[in-house]
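Protein chains in written order, with our numbering: chain D, 68 to 316; chain P, 114 to 545. Just below is one structure, and these are the notes that go with it.
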Amino acid sequence: MLRLQSVVTYYGRILALRGISLHVDPGEIVAIVGPNGAGKTTVLNTISGVVPARSGRIIFDGQDVTGFPTERLVSMGLTQVPEGRQLFAGMTVYENLVLGAYRRSRFAKRTAVSRDLERVYEIFPILKERHSQLAGTLSGGEQQMLAIGRALMSAPKMLLLDEPSMGLAPMVVKEILRVISELRKEGATVLIVEQNAKAALGIAKRAYVMETGRVVMEGLASELSKNPEIQRAYLGKGYRQIMDQTGKV
Amino acid sequence: MPIWNRKIEKMDRAEMDQLQLERLQAVVNRAYRDVPFYHRKFAALNVAPEDVQSLEDIVRLPFTTKEDLRDGYPYEMFAVPLREIVRIHSSSGATAKPIVVGYTKNDLKHWAEQVARVMSAAGVTKDDVVQIAFDYGLFTGGFGMHYGAERLGASVIPVSLGNTERQIQIMQDFRSTVLVSTPSYALYLTEVMNRVGVSTASLCLRVGLFGAEPMSDWMRSEIERRLGIVATDNYGVSAVMGPGIAGECELRNGLHINEDHFLAEVVDPDTLEPVPEDHTGELVITTLTKEGLPMIRYRTHDVTSITRQPCKCGRTTARMSPVRKRTDDMFIIRGVNVYPSEIEALLYDIEHVEPKYQVVLEREEGLDYLTLKVELSAHMISDQMQKLVELEETIKRRVHAVIGLTPRVRLVEPKTLENVDRSNRVIDNRER
C-alpha cells in the first residue's frame, strides 16, 4: 500500500530524516515509535506532502507520489489525522464530519456519504449523540474521535494517525485504541505515530523504532514490546524491573 | 513440497528489496551506534550510516573479517549488553583466539525459523523423526539444526556425534527418517553398517541434510545410492549464525538464501569489487536482523555464485551454488574448520623454530584422516628414539587440543619438505 525508500527531509537547514525506509501492507496497522524529536511526525508530514522530501521515494498504491500536494493524496485515498486534531471549533460535529467528505463529494453519491456517516456514528456513538454540538466544546477524547471520524469520511484507503493519544487521560486513550483496533478488524490500513510506545505496540502488527531521524529497529510489535532496549527506553520499565522479570543481570 | 513461510519465501522481488533496504538501514544504524568497532571502521572509510540509501550502497561499507572477530574476543563485537544474550557459541581454535557468537532471545527465534525453512525445503515435515549427528556443544551445528527441527514440529533425536554403532542402532530402532550430519560422516556410517552387517533396507531413512563441509557430486550420489535417500546440501557460517543461512529445495538446483535475514553479495576475492549476477566469487554476508552480533559485510572466504532467477519450486529467494572451494587455505575435516596457520603456530610453539610441514588429508573407509608430515630440523634431530616418540606424542596432543582431532604424525628427514609452499601445503587426497 505504502512504501518509503530512503526518504530524506530537511526542516529549513536542519536534517530531520536521514533516509527513512518503511512499508505498510494493505490491512496492516504499523506504528512508528521513538522519543520526542526523533522525526516521527516529520515522517507523516513528508508522506502527506506537508513537508517536501529532499530525496528518496514515496510510493502509494503502486504510484510514485513523491512531491504530490496534500489534496491530491487525499483524493487518492491517503488521509492524515493531524496531531492536535485541527478541527473547525466553531462548526458542529455533523458539519465537521461532512467536511471530511468534501474532497469526494463532487464524485461520490450522497447516499455513499450518508452511509459513511452512519458508519462513523456506529464506531463513535458519542459523535451521534453530540452531532449538533460545536466541535470546540467537546472533550479532548471526543475531539480525537471526531478527528478520526472526519478522516474516515474521506473514505481513505489508508490513514495516517499522528499521536492520537496525545494529551488524553488513560481511560480515553484506551477508548481511542479500542476504536483503532476496531478499524483493524474492518481491514483498514493505518500508519500510526506514537510517543506512547506501549499503546502503539499494543495495537500495531509491526513497528519501526526511530531515533534522531533514523530507523534503528523494526519488526513485529509483539517482538519489539518484549525487547529489553525498547522496554528500557520507551516503555518506562526500569532496569530493576527488567532484571526482576528476567531474573538476571 | 510445503513451503514453510510462503509470505517470505514467495515474496516478489520488489517487496524483498524493500524489506532488505529497511532492515539493512536499521542494522547499519544499530551497528554504528552500539559497536565501537563499526564506528571506528566507518570513520576510517569516511562513511556514515546514512550513506546507505539503496541496497547497492552496501559496497561503501567496510568488510568484517574473522581476524576482526578474533580481535574482538570475547564480547567486543556484541551490540547488546551481555544480560540480553541468552546463548553463546564459539569456534574451535586454541592458538588463535576463537570467534564468539552471542544470540538474543529474538536471534534464537529467528534462527529456528530459518532452519525450519531449510528443513522444510529439503522435504522434512512434522511427521519425520530427525536424527541429528552433529556435535552438540560450542559448535553451532547441533543446536542450530535441533531447534529448527523442533520448530518444524518433527521428532528430534539429539544423538550428537560419535559412537557410530549406537548411532546405527538408534537409527534402526527409533525409525529415524531424516539424517542430519556432515556428508563424510554419512559415508562413514554406511561403511560401519557394512562392517556390522546392518542392511540399509532395515532403515526408514528417506532424507538427509548435509552441511558443515563441502559435499561433492560424488559424495552426494554415493550417499544417495548407499542409503537410498535424497541428499540435500545446506549452508551456514558459524561466525554469522550457524546453519540455516541457505538450503536446497527438492529440486536441488542451488541453495535458497533466507534473504529476509541475510543480504548476500558475491565479490571478486582480489579486487573485492562486486561481480555480476551468476558470476563466481567470494560470498559476503550482512546480517539484517541479528541483535546480539550484527555483522556488516562478513567475508566468508567461501566461493559461490548467486542467481535471482525464481526457482521452479515456487520460491523466489535468491539461490547460491553449493560451496566447493575457499579463497583462503582453510580446509574442513570431519566438519571442523582448520587453518594451516593454526598448525604452524603450534609447531612453532613446540620447538621454537620455523616449522617445515605438510598436511595430507585422506579418506579410508569413509572416515577422514589428517596426516601431518613434519620435517626434523637439525635442532630436533636426536639419536634417542625415545625423544622422537615423545615429540610425535606432543604434536599429536597439541593438534588434538586445537582442532579436536588426533593427526597421524610422520617425522621426516631434513630437506624432504624443501618444496612445500602455500600451493601444496595441504594435499587433499580425499575422494572428490
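All residues carry an ideal CB built from backbone N, CA and C; glycine is no exception.
Check your understanding: How would you call P:His465, buried or exposed, if buried means at least 16 neighbouring beta carbons within 10 angstroms?
Key -> exposed
Point to revise | In DSSP terms, what P:Arg476 is bridged to | key: P:Asp481
Check your understanding: Any C-beta of chain P sitting closer than 8 Å to the C-beta of D:Met284?
Key -> yes
Check your understanding: Cβ of D:His90 less than 8 Å from any chain P Cβ?
Key -> yes
Check your understanding: According to the Cβ coordinates, are P:Val522 and P:Val473 closer than 8 Å?
Key -> no
Check your understanding: Candidates D:Leu228, D:Phe155, D:Lys252 and D:Gly123: which alpha carbon is nearest D:Ala202's?
Key -> D:Phe155
Review point. Contact between the region 134–145 of chain D and the region 116–127 of chain P: three or more CB pairs below 8 Å?
Key: no
Point to revise | Reference P:Leu524, options P:Arg196, P:Val512, P:Lys469 and P:Asp147, closest by Cα | key: P:Lys469
**Study point:** beta strand (DSSP E) runs wholly inside the region 84–151 of chain D, at least 3 long, in chain order
**Key:** 96–100, 122–127 and 145–148
Check your understanding: Does DSSP classify D:Ser73 as helix, strand or coil?
Key -> strand
Practice item. Whole angstroms is fine: what's the gap from P:Val311's alpha carbon to P:His259's? Key: 26 Å
Check your understanding: Between D:Pro102, D:Ile81, D:Ser206 and D:Ser248, which lies nearest to D:Ala236 when the distance is taken from Cα to Cα?
Key -> D:Ser206
Review point. Is it the case that the Cβ atoms of P:Ile270 and P:Gln244 are separated by a distance below 8 Å?
Key: yes
Practice item. Use the C-beta contact count for D:Gln308: other C-beta atoms within 10 angstroms, 16 or more gives buried, fewer gives exposed. Key: Residue placement at D:Gln308 is flagged as unreliable, the pLDDT there being 48, under the threshold of 50; a coordinate-derived value is accordingly withheld.
**Study point:** Proximal residues of chain D, C-beta to C-beta of P:Ala139 below 7 Å
**Key:** Val282, Val283, Met284 and Glu285
Point to revise | Nonlocal neighbours in the same chain, by C-beta distance under 7 Å from P:Leu300, ignoring five residues either side | key: Met332, Glu335, Ile336 and Gly479
Review point. Is there a Cβ from chain D that is less than 8 Å from the Cβ of P:Gln227?
Key: no
Exercise for review: Ignore the nearest five residues each way along the sequence and tell me which others in P:Glu505's own chain have a CB closer than 7 Å to its CB.
Suggested key: Val522 and Leu524
Practice item. Taking a Cβ distance cut-off of 8 Å, strictly less, list which residues of the region 153–177 of chain P are near chain D, in chain order. Key: Pro162, Glu163, Val165, Gln166 and Ser167
Practice item. Quick one: grab the DSSP three-state call for P:Ile446. Key: strand
Practice item. Inspect the beta-carbon positions of D:Thr146 and D:Leu226 and report whether they are closer than 8 Å. Key: yes
Exercise for review: Output the boundary residues of the beta strand (DSSP E) element that contains P:Thr507.
Suggested key: Per DSSP, P:Thr507 belongs to no beta strand (DSSP E); it is in the alpha helix (DSSP H), Met498 to Ile516.
Review point. What's the C-alpha gap between P:Arg476 and P:Ser297?
Key: 9 Å
Check your understanding: What span of residues does the beta strand (DSSP E) with P:Ser334 cover, start to end?
Key -> Unbroken run through P:Ser334 is the alpha helix (DSSP H), Asp330 to Leu340; no beta strand (DSSP E).
Exercise for review: Using the Cα positions of P:Met408 and D:Ile193, report the straight-line distance between them to the nearest angstrom.
Suggested key: 53 Å
Review point. Grouping DSSP H, G and I as helix and E and B as strand, with all else coil, what is D:Val260?
Key: strand
Review point. Going by DSSP, which residues form a beta bridge with P:Asn347?
Key: P:Gly360
Review point. Touching or not, the region 353–373 of chain P and the region 147–164 of chain P, by the rule of three or more beta carbon pairs under 8 Å?
Key: no
Review point. Nearest to D:Glu325 by CA position, among P:Asn219, P:Arg447, P:Lys509 and P:Gly517, is which residue?
Key: A query on residue 325 of chain D cannot be resolved here, the shown segment of chain D reaching from 68 to 316 and no further.
Review point. Using a beta-carbon distance below 8 Å, is D:Glu290 in contact with chain B?
Key: The question asks about chain B, but that chain is absent: this structure's protein chains are D and P.
Practice item. Please check if any C-beta of chain P sits within less than 8 Å of the C-beta of D:Gly86. Key: yes
Point to revise | Expected contact under 8 Å - CB spacing of D:Glu285 and P:Ala139 to nearest Å | key: 5 Å
Review point. Hey, does P:Arg146 have any beta-carbon neighbour from chain D nearer than 8 Å?
Key: yes
**Study point:** Against chain D: residues of the region 219–243 of chain P by CB proximity under 8 Å
**Key:** Asn219 and Lys222
Check your understanding: Can you name the residues of chain D whose CB is closer than 8 Å to the CB of P:Leu134?
Key -> Gln72, Ser73 and Ser88
Review point. Which partner residues does P:Val309 have in the DSSP bridge list?
Key: In the DSSP output, where bridge partners are listed per residue, P:Val309 has none listed.
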